[in-house]
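Working notes, structure below.
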Amino acid sequence: MSDPGFRVGVGFDFHPFEEDGRLVLGGVTIPFDRGLRGHSDADALLHAVMDALLGAAGLSDIGSLFPDTDPRYENISSLILLEKVFRLVRGKGYRVGNVDIVVLAEAPKIQPHVPAIRANIARTLHVSPEDVGVKATTMEERGVIGRREGIAAQAVALVYRDRPETGTR
Ligand code: MG
36 MSDPGFRVGV GFDFHPFEED GRLVLGGVTI PFDRGLRGHS DADALLHAVM
86 DALLGAAGLS DIGSLFPDTD PRYENISSLI LLEKVFRLVR GKGYRVGNVD
136 IVVLAEAPKI QPHVPAIRAN IARTLHVSPE DVGVKATTME ERGVIGRREG
186 IAAQAVALVY RDRPETGTR
């Protein structure tokens with residue numbers, strides 16, 4: 036099959052709440068009485084975006100690239116990891132077209148923070164904020180999300196080829 040020049044990827048992530056700690060989504064610290072547990076800053080939204088971009092570019096996944104056994108990634112800002120992913124995607128000869136994200140959270144309200152989240156991601160991926168969709172939904176008090184045990188995020192990304200591949204397979 037010939038290369039159509041554009042590819043899509045999908046990503047998903049979940050992190051459980053913990054009593055202490057910061058809640059960071061899309062690189063924005065959101066005031067809340069709990070944070071998310073994880074090796075990095077537990078930014079489930081950016082983790083989903085990164086896996087979507089990596090999948091679109093035919094690369095591996097964040098679990099392989101940034102293993103949670105590596106002390107370098109302890110408490111690291113996921114915006115720094117997103118920047119690394121962006122460079123990998125560019126290294127494969129792709130630019131980012133757009134990303135679209137759904138956050139699944141019973142609480143807190145995500146909507147007030149959407150403009151800042153879009154700006155963070157747009158700046159890092161060299162796209163316009165209109166190319167970064169951020170939506171949020173509750174799970175109507177059902178399941179692990181509905182019981183407020185954590186937050187999940189799902190993302191899709193489109194990348195397009197702007198020059199021959201420079202990276203090695
Ligand atoms: Mg994660």
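Counting in our numbering, the final residue of the sequence shown is number 204, and the numbers go up one at a time with none missing.
Glycine included, every Cβ here is placed at the ideal spot set by N, Cα and C.
Computed from a predicted model, the values in this text were never measured in an experiment.
Quick check: is any heavy atom of the ligand MG less than 7 Å from the C-beta of residue i?
i, result
"D197", "no"
"D48", "yes"
"A187", "no"
"A142", "no"
"A154", "no"
"M44", "Inspection of the sequence shows that residue 44 is occupied by Gly rather than by Met. Every heavy atom of the ligand MG is 7 Å or more from the Cβ of G44, so no."
"A79", "yes"
Would residue i and residue j qualify as a contact pair, given that the criterion is a beta-carbon distance under 8 Å?
i, j, result
"Y108", "H74", "yes"
"V45", "G90", "yes"
"L123", "L94", "yes"
Over what stretch of residues does the beta strand (DSSP E) that includes residue i continue unbroken?
i, result
"F41", "F41 to E53"
"L60", "L58 to L60"
"V84", "Segment A79 to A91 is the alpha helix (DSSP H) holding V84; no beta strand (DSSP E) there."
"I65", "V63 to I65"
"R158", "First-last for R158: V149 to L160, but that is the alpha helix (DSSP H), not the beta strand (DSSP E)."
"N110", "Unbroken run through N110: none, as it is neither H nor E."
Just verifying my parser: in three-state terms, what is the DSSP assignment at residue i?
i, result
"V124", "helix"
"M174", "coil"
"R198", "coil"
"R182", "coil"
"L117", "helix"
"D213", "Residue 213 lies beyond the residue range present for the chain, which begins at 36 and ends at 204; the question has no answer from this structure."
"A190", "strand"
"R204", "Any reading at R204 needs caution, since the residue's pLDDT is 48, under 50, leaving its predicted position unreliable; the model's value is listed next. DSSP places R204 in coil when its eight states are reduced to three."
Within 10 angstroms of its Cβ, does residue i collect 16 or more other Cβ (buried), or is it exposed?
i, result
"E141", "buried"
"G40", "exposed"
"N155", "buried"
"S113", "buried"
"D78", "buried"
"R125", "buried"
"R204", "Any reading at R204 must be qualified, since the residue scores a pLDDT of 48, below 50, and its modelled position is unreliable; the value itself is stated next. R204 comes out exposed."
At what residues does the alpha helix (DSSP H) containing residue i begin and finish?
i, result
"G98", "I97 to L100"
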